[in-house]
Amino acid sequence: MSAMPKWADLVLIPLISLSLAALLSALVILGIGEDPVAAVRMMVTGALGSTYAWGYTLYYATNFIFTGLAVSVAFHARLFNIGGEGQATLGGLGVALVCLALPWPHWALALPAAALGAALFGAAWAAIPAWLQARRGSHIVITTIMFNFIAASLLNYLLVNVLRPVGSMDPSTARFADGTHLPTLHDLLAPFGIAFSKAAPANISFLLALAASVAVWLLIWRSRLGYEIRALGHSEPAAIYAGIRPVRTVMWAMLISGALAGLMAVNTVMGEAERLVLNSVEGAGFIGIAVALMGRNHPVGVFLAAILFGFLYQGGAELALWTDIPRELIVVIQALVILFTGALDNMVRMPLERLFLALQKGPA
Amino acid sequence: MDFPTLLQVLDSTVRLATPLLLACLAGLFSERSGIYDIGLEGKMLAAAFCSAATAAVTGSVWLGLLAGIGGSMALAGLHGLSAITFRGNQLISGVAINFLAAGLTVVLAQDWFHQGGRTPSLLGGARFEAITLPFAETLRPVPVLGPVYAELISGHTLLVYVAALLVPASWWVLYRTRFGLRLRAVGENPEAVDTAGVSVQATRYAAVAICGLLCGLAGAYLATALQAGFSRDMTAGRGYIALAALIFAKWRPWQALGATLLFGLLQAIALRYQNIELGGVGLPVQVMDALPYILTVVILAGFVGRAIPPRAGGEPYVKER
Chain W
50 MSAMPKWADL VLIPLISLSL AALLSALVIL GIGEDPVAAV RMMVTGALGS TYAWGYTLYY
110 ATNFIFTGLA VSVAFHARLF NIGGEGQATL GGLGVALVCL ALPWPHWALA LPAAALGAAL
170 FGAAWAAIPA WLQARRGSHI VITTIMFNFI AASLLNYLLV NVLRPVGSMD PSTARFADGT
230 HLPTLHDLLA PFGIAFSKAA PANISFLLAL AASVAVWLLI WRSRLGYEIR ALGHSEPAAI
290 YAGIRPVRTV MWAMLISGAL AGLMAVNTVM GEAERLVLNS VEGAGFIGIA VALMGRNHPV
350 GVFLAAILFG FLYQGGAELA LWTDIPRELI VVIQALVILF TGALDNMVRM PLERLFLALQ
410 KGPA
Chain X
93 MDFPTLLQVL DSTVRLATPL LLACLAGLFS ERSGIYDIGL EGKMLAAAFC SAATAAVTGS
153 VWLGLLAGIG GSMALAGLHG LSAITFRGNQ LISGVAINFL AAGLTVVLAQ DWFHQGGRTP
213 SLLGGARFEA ITLPFAETLR PVPVLGPVYA ELISGHTLLV YVAALLVPAS WWVLYRTRFG
273 LRLRAVGENP EAVDTAGVSV QATRYAAVAI CGLLCGLAGA YLATALQAGF SRDMTAGRGY
333 IALAALIFAK WRPWQALGAT LLFGLLQAIA LRYQNIELGG VGLPVQVMDA LPYILTVVIL
393 AGFVGRAIPP RAGGEPYVKE R
């Protein structure tokens, strides 16, 4: 029984939830004695006002597309993968090992290899929680949280004790060779006569993220495995009755999810830092949760939500730079978005459903 | 390791285990009633900030404690609203609460105190003082037991003793009172409780409120007893370690004490020794950091006795009509 038309479910509810989150965020800004309108104006200028600003917004959005897709693929199988952070950390390790292993002559060779490394390491880090969930029934939320912390400790150990170049105090790997340098949007757009900021970190990984979005769409709605993932997510008994093997499906969903989270590292480690540092993920794995919830687990929605969060991230950095509003305001906004689009979904949905039911009865 | 060093390590184990124990008991009440709570971290952080900010302004640690409990219970109320009233996803609600606390505490601290997201350092009456138990100094010359009493048992802050007393108290409430029976039943089979004419929602709200209260104590302990003031993200994953301890203890109070003491010991060792030599093999500090999480995964995997959560955990209850 659907009380509501599809557009209300897909557009209206997210918009109302988002407005509530925005309203409360404005109240927080008012509460600390700043002007919300001026803050929004500054964020728009700082995140969208120049190609330099867009370069940062798209750079952040690239991360969030990957982690958002990762969370949503798992959500389709009704698995809550909260371990994007750890999987992306390991993905960074994969990228670094690939980039440091060979003297890569050209990025076109290094990129596929590094992406493969990132995906494999990310998937491997998701594999153990996935197996424990599928075979032993251990709750995937708890195990993936634990694996986030284990990943942080592991990377800390490797960077301090193993990968750090001799004589360096910094817990990070050596700089990657020039052959692994990814073309930035400036390099990519120059042949078309479009002038794009040279300093901004957005790079070819953005296109990789778009390709991943299309691939996820094909996987979830146009492939046999995607059908099995969705069927399992809707009803496990029905899926088993239909001959779907739950263990295999859970494993695949989580491996793909982990691989997508790991791919994020191509953007941050290879595209921006060009070496592996501690905490290169910077919470993007968690933002993927907000992005997936807001994007209703659809690649198009994830893309739009990722752009929005990229805007918030870059705009928030500008706010922190020019005003007294700390960067953590973005964390508050992120929390409110998760709260309203995720946990308090029914608060918006229930009255709306009643409204639409009343409307349907009215004219008939 | 000589005896005085051992005592020092155990002493800091007690200090570090206390916030874990309080948060673990908090999670115990909530999860036993069928409400998953991964927002322990956020509630502790909010409580740490509220207590430190209030104690800094008023100079009274008691008002700080109250404010800490208030802040934590407000977030608990939010969790109840989304998880019980609006039947939302409890895990997502917990994630949101963690971020809300992580962001809001720093934003407010920066706005109120302008010290880069910290509160001013707490002095004198704005902090919990160590309590010397009776005869601690007189008994100190007694070999072995004297120093143990004087150093390890005596000389902690009030909240440490409160936390210790809360273990038998929780056991008694959960297993020897009518309320405790209902609370546990609501987490296993809410339909049966509903049939008996007891409100599932009210029982769960009560459990979530107790969880907020205990997280408030944990956070206040961090900011006003263990340390002197609030700093950005000062819980540092303790809420998740408490969650791990809860699973380790298989959702039982006495075992929670054991689990949090074990994890506190790991923290104390990691704090004191950077690298440990065990039979010629160097054990890096990161292993100690990761050990609570690794142990929890092993327990969850069911290789060392299976951890079975309350049966109705995570499921919103829809009353039949």
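Residue numbers (the numbering used here), protein chains in the order written: chain W, 50 to 413; chain X, 93 to 413.
Glycine included, C-beta positions come from ideal geometry on N, C-alpha and C.
Since the model is a prediction, treat every value here as computed from it, not as a measurement.
In the DSSP assignment, what residue or residues form a beta bridge with Ser-221 (chain W)? For Ser-221 (chain W), DSSP records a beta bridge to W:Val-326.
task = Could you run through the segment 355 to 380 of chain W and flag, in chain order, every residue whose CB is less than 9 Å away from some CB of chain X?
result = Asp-373, Ile-374, Pro-375, Arg-376, Glu-377, Leu-378, Ile-379, Val-380
Discussion item. Within a Cβ cutoff of 8 Å, which residues of the same chain sit near Val-77 (chain W), ignoring the five residues on either side of it in sequence?
Written reply: Shown here for Val-77 (chain W): same chain residues with a beta carbon closer than 8 Å to its own, the five before and five after excluded, namely Leu-378, Val-381 in chain order.
Notebook entry, point to check: Which bits of chain W does Gly-209 (chain X) rub up against, with CB to CB less than 9 Å?
Noted result: For the C-beta of Gly-209 (chain X), the chain W residues within less than 9 Å are, from N- to C-terminus, Pro-375, Glu-377.
- Task: List the residues of chain X whose Cβ lies closer than 7 Å to the Cβ of Gln-136 (chain W), in chain order.
- Result: Here the premise fails: no neighbours, minimum Cβ distance about 15 Å.
Could you give the uninterrupted runs of the alpha helix (DSSP H) lying entirely in the segment 90 to 159 of chain W, keeping only those of 4 residues or more? 100 to 125, 133 to 150
Going by C-alpha distance, which of X:Leu-173, X:Asp-103, X:Ser-143 is nearest Pro-408 (chain X)?
-> For the set X:Leu-173, X:Asp-103, X:Ser-143, the Cα lying nearest the Cα of Pro-408 (chain X) is the one of X:Leu-173.
| query | Should Pro-401 (chain X) and Glu-123 (chain X) be called a contact, given that it needs their Cβ atoms to be closer than 8 Å? | reply | yes
Let's test the definition: count the other Cβ atoms within 10 Å of the Cβ of Leu-393 (chain W) and tell me whether it reaches 16, buried, or not, exposed. buried
- request: Would you check if the distance between the CB atom of Leu-101 (chain W) and the CB atom of Ser-246 (chain W) is smaller than 8 Å?
  value: It should be noted that the sequence gives Tyr, not Leu, for residue 101 (chain W). Yes, the Cβ-Cβ distance between Tyr-101 (chain W) and Ser-246 (chain W) is below 8 Å.
TODO: Measure from the C-beta of Gly-180 (chain X) to each C-beta in chain W and report whether the shortest distance is under 8 Å.
DONE: yes
List the residues of chain X whose Cβ lies closer than 7 Å to the Cβ of Asp-394 (chain W), in chain order. Gly-180
Along the segment 321 to 348 of chain X, where does the CB come closer than 9 Å to a CB of chain W? Name the residues. Arg-324, Gly-329, Tyr-332, Ile-333, Leu-335, Ala-336, Ile-339
Self-check item: CA-to-CA distance, Ala-109 (chain X) to Arg-297 (chain W), given in whole angstroms
Solution: 40 Å
Leaving out five residues on either side along the sequence, give the residues of the same chain with a beta carbon under 7 Å from the beta carbon of Ala-226 (chain W).
Pro-152, Trp-153
| message | Can you pull the chain X neighbours of Met-195 (chain W), defined as C-beta to C-beta under 7 Å? | response | Under the 7 Å cutoff, chain X gives Ala-336, Tyr-385, Thr-388, Val-389.
Query raised in the report: Mind checking whether Phe-335 (chain W) and Glu-134 (chain W) have CB atoms under 8 Å apart?
Result: Contact: yes.
Q. For Asn-252 (chain W), which residues does DSSP report across the bridge?
A. W:Thr-233
Leaving out the 5 sequence neighbours to the left and right, which residues in its chain are closer than 6 Å to Arg-179 (chain X) when beta-carbon positions are compared? Only residues of its own chain outside the window of five on either side were considered, and among them Pro-408 have a CB closer than 6 Å to the CB of Arg-179 (chain X), listed in chain order.
Worksheet item: In angstroms, rounded to a whole number, what distance separates the CA positions of Pro-96 (chain X) and Ala-96 (chain W)?
Response: 58 Å
Enumerate, from N- to C-terminal direction, the unbroken alpha helix (DSSP H) stretches of 4 or more residues contained entirely within the segment 332 to 356 of chain W. 333 to 343
query = Which of the three DSSP states, helix, strand or coil, is assigned to His-248 (chain X)?
reply = strand
Item to check | Cα-Cα separation, Met-92 (chain W) to Thr-372 (chain W) | outcome: 11 Å
Closest residue to Glu-221 (chain X) among X:Leu-137, X:Leu-306, X:Tyr-313, X:Ala-348 (Cα-Cα distance): Of the residues X:Leu-137, X:Leu-306, X:Tyr-313, X:Ala-348, the one whose Cα lies closest to the Cα of Glu-221 (chain X) is X:Tyr-313.
On a CA-only basis, which of X:Leu-155, X:Glu-243, X:Val-153, X:Gly-406 is nearest Asn-281 (chain X)? Give me that one, please. X:Gly-406
Does the separation of the CB atoms of Phe-15 (chain W) and Phe-358 (chain W) fall below 8 Å? With chain W covering only 50 through 413, there is no way to say anything about residue 15 (chain W).
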